[in-house]
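2 protein chains.
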Amino acid sequence: MASGPGERRGAGEAGGAGARRTPGQRAGLTREAVLAGARAALAQDGIEGLSMRRLARRLGVAPNALYSHVADRDDLVDALLDDTLNEVRAPDPRRGDWRAGIETIMRRTYAVLLAHPDLVPLYVARRGARGPRAVALGEAMLAMLARGGIEGDPAVEATRTLIVHAIGFAAFATGAPLQPAESTLTPKALQDLFARSLSWLLDGIAGGHPMR
Amino acid sequence: MASGPGERRGAGEAGGAGARRTPGQRAGLTREAVLAGARAALAQDGIEGLSMRRLARRLGVAPNALYSHVADRDDLVDALLDDTLNEVRAPDPRRGDWRAGIETIMRRTYAVLLAHPDLVPLYVARRGARGPRAVALGEAMLAMLARGGIEGDPAVEATRTLIVHAIGFAAFATGAPLQPAESTLTPKALQDLFARSLSWLLDGIAGGHPMR
DNA sequence: ACCTGAACACCGTTCAAGT
DNA sequence: ACCTGAACACCGTTCAAGT
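Those protein sequence lines, which keep their order, are chains L and E.
In terms of my numbering, the first sequence is residues -13 to 198.
In terms of my numbering, the second sequence is residues -13 to 198.
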């Protein structure tokens, strides 16, 4: 981790307290390095590690140095969320059964969310991602729905329903159980439940004729 | 608003800066007054008004005075969320069609969530309420499911699915649209969509035979 | 038991420098 | 353009008093 330029100060950089650079000296930071640091902070310290000040400390810069590479904290979080969606491989919207295509895209999205449990509360708080990757996935789903004869408002409603469902389920799967009884549900049971409820919704979206 | 004891200082109480009481003097605060103040703060200033310090300022007390009536901020928020569920009138779990009963309970819950849009992000963040009211509603749903022959893990899965669905939809209905295209969905269209997707899920939960 | 004063250890963000 | 120093306006929470 922390690859890239600006490595000459070596280890111990993140732990110290004093100033190593005078104003005007560069730290060799880039937007990508900031995002990589944010990921590492999230992995190591969880959501609390993702404050601007703690991230700056980890990167060995002054807190306000981050604002040269990121508009504000929301910008940082949005970039993190959208980047993560790069891990979701969407099937070709023009080939195969459209309903199976949507199921694939949603299951992969769900799997990626579960693979990044600390990000899930952020997806929840922002109700999804807004970046180019999220848009691309949304367009793929709309293309698949169109092949099933679903367009316009019903198509928008369908994608919204499915995204809500995936994020909501991920939140429950990664969070602490609400009631003691819920702890009896294993991760596998939850995954099955997601798959099942997903197909229920798709049954309804497809208009009552299940198709498989 | 702000009914109850401790009114003798009158208007202007919340705006001033100086200390009106020396240590040892009481402000006449109660847990209920703190919760009422929290509701008013939420209604007036939104989620940002719900900091301990701002709430204390509104109530005319020192920030730490709140800790005599509330364990911490989470305790305050939890009480707020559970109290609001008092507005959800649950039908008698023993009477009428069980599926219709669940639909009623979920639609009323959804309506109450929409009636308190500022609380929705908090329900989302905490993935529901945990207090006695939430437990009572959950038990009512389990009783209805039992009458439909659904018990044990499947019943817990069903309630979880339905609650995720309601909170997720409320979050999307009350929040800003994620993509420009979504803004075309009117509140009424969203409400219809919730009702429809709810019945899709219930179709699935009921085992594929829609029952109505 | 209920409240204040003061403090601790934080936040995000901005503004004015420096090179 | 990229960074630091310093500051502003906040947070939640705790501890030691006072009555």
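Glycine is no exception: its CB is placed at the ideal position from the N, C-alpha and C atoms.
By alpha-carbon distance to R7 of chain L, the top candidate from L:A111, L:L67 and L:A51 is L:A51. Per DSSP, the continuous alpha helix (DSSP H) segment holding Q177 of chain L begins and ends at P173 to I191.
Comparing C-alpha distances from L99 of chain E to each of E:R81, E:E125, E:T70 and E:R75 shows the shortest one belongs to E:T70. What I33 of chain L touches in chain E, judged by beta-carbon distance under 9 Å, is nothing: the nearest beta carbon there is about 11 Å away. Under the 8 Å criterion on CB atoms, R85 of chain L is classed as non-interfacial with respect to chain E.
Across the structure, A76 of chain E and A152 of chain E are spaced so that their CA atoms are roughly 15 Å apart. At a beta-carbon threshold of 8 Å, the residues of chain E lying near E143 of chain L are L171, A175 and L179, ordered along the chain. If the five residues before and after T147 of chain L are omitted, its C-beta is found closer than 8 Å to the C-beta atoms of L187 and I191, all from its own chain and listed in chain order. When DSSP states are grouped into helix, strand and coil, L105 of chain L belongs to the coil group. Ranked by Cα distance from R44 of chain E, the options E:L21, E:D58 and E:D64 are led by E:L21.
DSSP, read as helix, strand or coil, puts E18 of chain E in helix. Taking a cut-off of 8 Å on C-beta distances, the region 170 to 185 of chain L touches the region 87 to 103 of chain L, as three or more cross pairs fall below it.
For the region 35 to 66 of chain L, no residue has a beta-carbon sitting nearer than 8 Å to a beta-carbon of chain E. Annotation for A42 of chain E: A48, P49, A51 and L52 place their beta carbon closer than 7 Å to its own, counting only its chain and skipping 5 residues before and after.
Using a CB distance cut-off of 8 Å, I153 of chain L counts as an interface residue toward chain E. Excluding residues up to 5 positions away in sequence, W84 lie with their Cβ nearer than 6 Å to the Cβ of G134 of chain L in the same chain. Taking V56 of chain E as reference, the option from E:A132, E:V142, E:A24 and E:D189 with the minimal CA-CA separation is E:A24. Closer than 8 Å to the CB of T147 of chain E there is at least one CB belonging to chain L. For R113 of chain L, the chain E residues whose Cβ falls inside 7 Å of its Cβ are A157, F158, G161 and L164, in order along the chain. For the pair T160 of chain E and V106 of chain E, the CB atoms are nearer than the 8 Å cut-off.
Contact annotation, L171 of chain L with E137 of chain E: C-beta distance approximately 15 Å; criterion of less than 8 Å not satisfied. When the beta-carbon positions are compared, G32 of chain E and A65 of chain E stay at least 8 Å from each other.
Excluding the 5 residues flanking it on each side, M130 of chain E has same chain C-beta neighbours closer than 7 Å at P79, W84, G87 and I88, in chain order.
Under the Cβ distance rule, R182 of chain E counts among the residues neighbouring chain L, one pair being separated by less than 8 Å. Across the region 95 to 121 of chain E, CB contacts with chain L closer than 9 Å involve P107, V110, A111, R112, R113, G114, A115, R116, A120 and V121, in sequence order along the chain. Straight across, the Cα-Cα distance linking R81 of chain L with A97 of chain L is about 22 Å.
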